[in-house]
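Novice:
Number of protein chains: 2
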Amino acid sequence: MEDSGFIENSRTQMRRGVLEYSILLILDRDDEYASTIIRKLKDVDIIVVEGTLYPLLIRLKNMGLLNYRWQESTQGPPRKYYMITEKGRAQLRELDAAWSKLVQSIESIRTEKL
Amino acid sequence: MEDSGFIENSRTQMRRGVLEYSILLILDRDDEYASTIIRKLKDVDIIVVEGTLYPLLIRLKNMGLLNYRWQESTQGPPRKYYMITEKGRAQLRELDAAWSKLVQSIESIRTEKL
DNA sequence: TTTGAATACCTTGTATCGCAAGGTACTGAA
DNA sequence: TTCAGTACCTTGCGATACAAGGTATTCAAA
């Protein structure tokens, strides 16, 4: 790996850490299908591709955190709209806490409360 | 994977994302050897074990972001004190920016600036 | 009616990386 | 000289994001 690959790599790892969290946050607001989720994440510079998202959605669905319904589209094949379940919301609240804690932790290191 | 393994798993992934960043932050303040780094991270609830840290320090050293010197200990074998390099500091500044951006991104999703 | 472009969903193979577990080596005290 | 404590390092495994490629549906244009 060459030089500034390090930064890109590190950035990628940071993004990975919040992927599941981000998706649950988005679906907590509205039901969405894959392309919209990808676009919304991209809008805030969290780049995700299909090959990452589909297996992840399926995993979350199998864990009972998400569900989906098929919905017709005016142009193109039907879409799989994912929605968050009650169980998903419960987990989301825990992830909220975990994220806040992590932000605090980093802040502690930065300000030398060690 | 069973039920609340999800949260623990997600927490772990979040931590992973900031590991390199955390280590550079710590070494930006003082030179440290492995055990101290592990303790400082643990103090802010970022759990890391030896098997994770050693390869990581070696990788950062090979990339020229860190250096080390041997230093005697009053009890036990000599210690490998790691210190950050100029190059390391430069990359750290970029990670600072990347981290701030990510915190902003999550905040955007949470507050619906989508 | 058939072809092709656009859209959507999914799978496979690969590389990375953290972690559990286990190994080596140095030190000082019993 | 043996043992406990400390420190450094490696190996094998599992999880997972991503690149690349595949299938299916729709609609419009030829």
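Protein chains in written order, with the working numbering: chain A, 1 to 114; chain B, 115 to 228. Where a beta carbon is used, it is the ideal one built from N, C-alpha and C, also for glycine.
Going straight from the alpha carbon of residue 95 of chain A to that of residue 21 of chain A, what length do you get?
Specialist: Along the first sequence, read from residue 1 onward, the residue named residue 95 of chain A stands at position 95. Along the first sequence, read from residue 1 onward, the residue named residue 21 of chain A stands at position 21. One C-alpha to the other measures close to 6 Å.
Novice: Shorter than 9 Å from the beta carbon of residue 198 of chain B to some beta carbon of chain A?
Specialist: Numbered from its first residue, the second sequence carries residue 198 of chain B at position 84. No, residue 198 of chain B lies away from the interface with chain A (no Cβ there is under 9 Å from its Cβ).
Novice: What number of angstroms, rounded off, separates the C-alpha of residue 115 of chain B from the C-alpha of residue 59 of chain A?
Specialist: If you number the second sequence from 1, residue 115 of chain B lands on position 1. If you number the first sequence from 1, residue 59 of chain A lands on position 59. A caution first: residue 115 of chain B carries a pLDDT of 37, below 50, which makes its placement in the model too unreliable to give a value.
Novice: So which residues on chain A does residue 159 of chain B lean against when the C-beta distance must stay under 7 Å?
Specialist: As a working mapping, residue 159 of chain B is identified with position 45 in the second sequence. Chain A residues near residue 159 of chain B: 101, 105.
Novice: Can you tell me where the beta strand (DSSP E) with residue 218 of chain B in it begins and where it stops?
Specialist: The residue labelled residue 218 of chain B in the question sits at position 104 within the second sequence. No beta strand (DSSP E) contains residue 218 of chain B, which is instead part of the alpha helix (DSSP H) from 200-224.
Novice: Please determine, among B/156, B/142, B/200, B/147, the residue with the shortest C-alpha to C-alpha distance to residue 191 of chain B.
Specialist: Counting from one through the second sequence, the residue named residue 191 of chain B turns up at place 77. Of the candidates B/156, B/142, B/200, B/147, B/147 places its Cα closest to the Cα of residue 191 of chain B.
Novice: Does DSSP put residue 1 of chain A in a helix, in a strand, or in coil?
Specialist: Translated into positions along the first sequence, residue 1 of chain A becomes position 1. Any reading at residue 1 of chain A must be qualified, since the residue scores a pLDDT of 38, below 50, and its modelled position is unreliable; the value itself is stated next. Of the three classes helix, strand and coil, the one that applies to residue 1 of chain A here is coil, per DSSP.
Novice: Which residue from A/39, A/110, A/74, A/72 puts its Cα closest to that of residue 26 of chain A?
Specialist: By 1-based counting over the first sequence, the position of residue 26 of chain A is 26. Checked all of A/39, A/110, A/74, A/72; the closest Cα to residue 26 of chain A is A/39.
Novice: Start and end of the alpha helix (DSSP H) containing residue 21 of chain A?
Specialist: The residue you call residue 21 of chain A lines up with position 21 of the first sequence. Residue 21 of chain A -> alpha helix (DSSP H) spans 19-29.
Novice: For residue 63 of chain A, name the three-state secondary structure that DSSP assigns.
Specialist: For the purposes of this step, residue 63 of chain A is identified with residue 63 of the first sequence, where counting begins at 1. In this structure, residue 63 of chain A counts as coil in the three-state DSSP scheme.
Novice: Residue 130 of chain B CB to nearest chain A CB: under 9 Å?
Specialist: Position 16 of the second sequence, counted from the start, is the residue given in the question as residue 130 of chain B. With its beta carbon less than 9 Å from one in chain A, residue 130 of chain B belongs to the interface.
Novice: Give me the residue from A/103, A/11, A/31, A/89 with the minimum Cα distance to residue 46 of chain A.
Specialist: On the first sequence, position 46 is the one that residue 46 of chain A refers to. The shortest Cα separation from residue 46 of chain A among A/103, A/11, A/31, A/89 belongs to A/11.
Novice: For chain A, is any of its Cβ atoms less than 9 Å away from the one on residue 203 of chain B?
Specialist: Numbered from 1 along the second sequence, position 89 holds the residue referred to as residue 203 of chain B. No, because no Cβ of chain A sits closer than 9 Å to the Cβ of residue 203 of chain B.
Novice: Let me know the secondary structure DSSP gives residue 195 of chain B once reduced to three states.
Specialist: The residue given as residue 195 of chain B occupies position 81 in the second sequence. DSSP places residue 195 of chain B in strand when its eight states are reduced to three.
Novice: Grouping DSSP H, G and I as helix and E and B as strand, with all else coil, what is residue 54 of chain A?
Specialist: On the first sequence, position 54 is the one that residue 54 of chain A refers to. It is helical.
Novice: If you draw a straight line from the C-alpha of residue 14 of chain A to the C-alpha of residue 137 of chain B, how long is it?
Specialist: In the first sequence, counting from the first residue as 1, residue 14 of chain A sits at position 14. In the second sequence, counting from the first residue as 1, residue 137 of chain B sits at position 23. Their backbone Cα atoms lie some 14 Å apart in a straight line.
Novice: Of the choices B/211, B/217, B/193, B/168, whose alpha-carbon is the least far from that of residue 184 of chain B?
Specialist: In the second sequence, residue 184 of chain B corresponds to position 70, counting from 1. Among B/211, B/217, B/193, B/168, the Cα nearest to that of residue 184 of chain B is on B/193.
Novice: Mind checking whether residue 216 of chain B and residue 170 of chain B have CB atoms under 9 Å apart?
Specialist: For the purposes of this step, residue 216 of chain B is taken as residue 102 along the second sequence, with counting starting at 1. For the purposes of this step, residue 170 of chain B is taken as residue 56 along the second sequence, with counting starting at 1. No, these two residues do not count as a Cβ contact at 9 Å.
Novice: According to DSSP, simplified to helix, strand and coil, what is residue 122 of chain B?
Specialist: The residue you call residue 122 of chain B lines up with position 8 of the second sequence. It is helical.
Novice: Looking only at C-alpha atoms, which of A/109, A/91, A/36 sits nearest to residue 66 of chain A?
Specialist: Sequence index remark: in the first sequence, residue 66 of chain A carries index 66 (1-based). Minimum Cα distance to residue 66 of chain A is reached at A/91.
Novice: Measure how close the beta-carbons of residue 213 of chain B and residue 106 of chain A come, nearest whole angstrom, since I'm counting them as under 8 Å.
Specialist: The residue you call residue 213 of chain B lines up with position 99 of the second sequence. The residue you call residue 106 of chain A lines up with position 106 of the first sequence. The pair is a contact, with the Cβ atoms about 7 Å apart (cut-off 8 Å).
Novice: Sort out for me which residues DSSP pairs residue 69 of chain A with in a bridge.
Specialist: The residue you call residue 69 of chain A lines up with position 69 of the first sequence. In the DSSP output, where bridge partners are listed per residue, residue 69 of chain A has A/81.
Novice: Please identify, using Cβ separations under 8 Å, the residues of the region 158-185 of chain B that lie next to chain A, in order along the chain.
Specialist: The region 158-185 of chain B vs chain A, Cβ under 8 Å: 158, 159, 160, 177, 179.
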